[in-house]
Amino acid sequence: MTAGALVWFRRDLRDFDHAALAAALRAAALAEHDCAAAPGQLAVSAAAPPAPSLPTLAEPGFRPTDLRLPAGMSGGARLFDEFLARIGRYRATRDFPALAGTSGLSPHLRFGTVSIRRLAAAAHVESLLPHGAGAAAWLGELIWREFYQMILWHRPDVAEHCCRREYDALAWDEAPELFAAWRAGRTGYPLVDAAQRQLLRTGWMHNRLCMVSASFLVKDLGIDWRLGERHFADRLLDYDLAANNGGWQWAASTGCDAQPYFRIFNPVTQAEKFDPQGRFIRRYVPELAEVPDRFIHAPWKMPSPPAGYPPPCVDHAQARERTLRRFAAARGA
Ligand SMILES: Cc1cc2nc3c(=O)[nH]c(=O)nc-3n(C[C@H](O)[C@H](O)[C@H](O)COP(=O)(O)OP(=O)(O)OC[C@H]3O[C@@H](n4cnc5c(N)ncnc54)[C@H](O)[C@@H]3O)c2cc1C
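If you're matching positions, the sequence shown starts at 870 in my numbering and goes up one per residue.
Written as structure tokens, this is what we have:
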């Protein structure tokens, strides 16, 4: 990603947050003001201060990422054109993180560099054509976005509370070490770790992985969904309060139209299904690059597990039972 692209897509580039940037922008505005000439006058005021030197991107806290994303409105239009050529395959490929199955347009939607109306109109037209099932499925995803915005508009309390208020009684675990392992992508569950490292490295996470990783935090580690929501808010380039809150409450089963509380993703079977040869896992978890296919989703079962990769931080079957008890207690409360 180029430096210019970073400026466009970094969600927290707000001049009032960054003293160095704010000072440079104020100086630039002043210089522009001093240079404004009345008709017939010389264009440069004698009192004009020297041109300010812009801060480096590192000064306000930007770090390079791996994300390759065409930036600005032209970039958004290009990405959409490219996606239209493969929209017919969307339904079949969208759940496989190793493939370029989704549009990657979420940062553009978040920053308004593509028009939701244009996307929805084009998807609708495509969906009416023969082989329009992919476009229809994609239109359905755009509608999820609108749905969560509608929820937030009518229920602003969801920003702090469970949408289903009875679940505010859920007793979450305090587990700072497990939370740190999840954030760093060192839980010992390869797909969860690859997902978290994708987020750290690129500022984006594939939707299937958002679901798996969020479910793991809440239902395997027993950690309050609000902590995961905050971490995503801090890291995602496409961060959007409504979609993020909706996604987290969906995964935690506390939301409106969420998955039922007893539906608990198994991080191993999800990996077997959606990354069967571990191509995505190997891309983001180099410690597992040489692991044979049959062990890639559960490397702890190898006679000698790879050095440097942690064993599972929790037992999934036991964690599942704890979660069922946690929800039963809240529902009975
Ligand atoms: C726990 C969790 C947190 C999430 N946080 C965010 C977030 O902060 N910002 C965000 O834009 N999306 C979020 N999502 C939704 C989804 O993961 C991303 O929109 C998707 O990964 C973006 O990739 P894409 O543009 O290639 O999607 P595509 O599959 O190409 O979908 C097109 C567009 O539809 C919308 N969309 C797709 N899926 C969803 C969904 N489940 N909910 C709402 N809108 C959707 C997005 O605007 C997306 O760009 C979250 C999902 C979960 C489960």
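Beta carbons are placed, not taken as given, at the ideal position from N, Cα and C, and that holds for glycine.
Beta-carbon separation of residue i and residue j under 8 Å?
| i | j | result |
| --- | --- | --- |
| Val983 | Phe949 | yes |
| Arg960 | Gly1001 | no |
| Val1081 | Ala1064 | yes |
| Leu1106 | Pro976 | yes |
| Phe1048 | Ile1020 | no |
| Ala1028 | Asn1114 | yes |
| Cys1032 | Gln1118 | yes |
| Gly944 | Leu974 | no |
| Leu1011 | Ala992 | yes |
| Ser996 | Leu978 | no |
| Asp935 | Arg1132 | no |
| Pro1136 | Asp1089 | yes |
Apart from the five residues on each side of it in sequence, which residues of its chain come closer than 6 Å, Cβ to Cβ, to residue i?
| i | result |
| --- | --- |
| Phe1143 | Asp964, Phe965 and Arg1077 |
| Glu1043 | none |
| Gly1177 | Glu1156 |
| Asp1162 | Gln1146 |
| His1075 | Pro966 |
| Ala1050 | Thr1056 and Cys1182 |
Within its chain, find whatever has a CB closer than 7 Å to the CB of residue i; leave out the 5 residues flanking it on each side and keep chain order.
| i | result |
| --- | --- |
| Gln1018 | Ala1111 |
| Leu1165 | Reading off the sequence shown, one finds Ile at residue 1165, where the question assumed Leu. Closer than 7 Å at Cβ, skipping near neighbours: Pro1059, Gly1147, Ile1150 and Leu1157. |
| Cys1079 | Gly1116 |
| Arg1055 | Asp1062 and Pro1179 |
| Pro1175 | Glu1156, Leu1157, Val1160 and Pro1168 |
Report the three-state DSSP secondary structure of residue i (helix, strand or coil).
| i | result |
| --- | --- |
| Val1081 | helix |
| Ala898 | Low confidence applies to Ala898: its pLDDT is 46, below 50, so where it sits in the model is not reliable, and the reading given next is rough at best. It is helical. |
| Arg1200 | helix |
| Gln1018 | helix |
| Ile1150 | helix |
| Arg1163 | helix |
| Glu928 | coil |
| Met942 | helix |
| Gln1128 | coil |
| Ser996 | helix |
| Val1061 | helix |
| Phe878 | With a pLDDT of only 43 at Phe878, under the threshold of 50, the placement of this residue in the model should not be trusted; the figure read from the coordinates follows. Reduced to three states, the DSSP call for Phe878 is helix. |
| Asp1184 | coil |
What do you reckon, is the C-beta of residue i under 7 Å from a heavy atom of ligand 2?
| i | result |
| --- | --- |
| Asp1109 | In terms of ligand content, the structure shown lacks ligand 2 and carries ligand 1 instead. |
Specify whether the stretch 1109-1125 and the stretch 1022-1040 touch according to this definition: at least 3 beta carbon pairs, one from each stretch, less than 8 Å apart.
-> yes
Contact the stretch 1004-1013 vs the stretch 1083-1098: 3+ CB pairs below 8 Å | no
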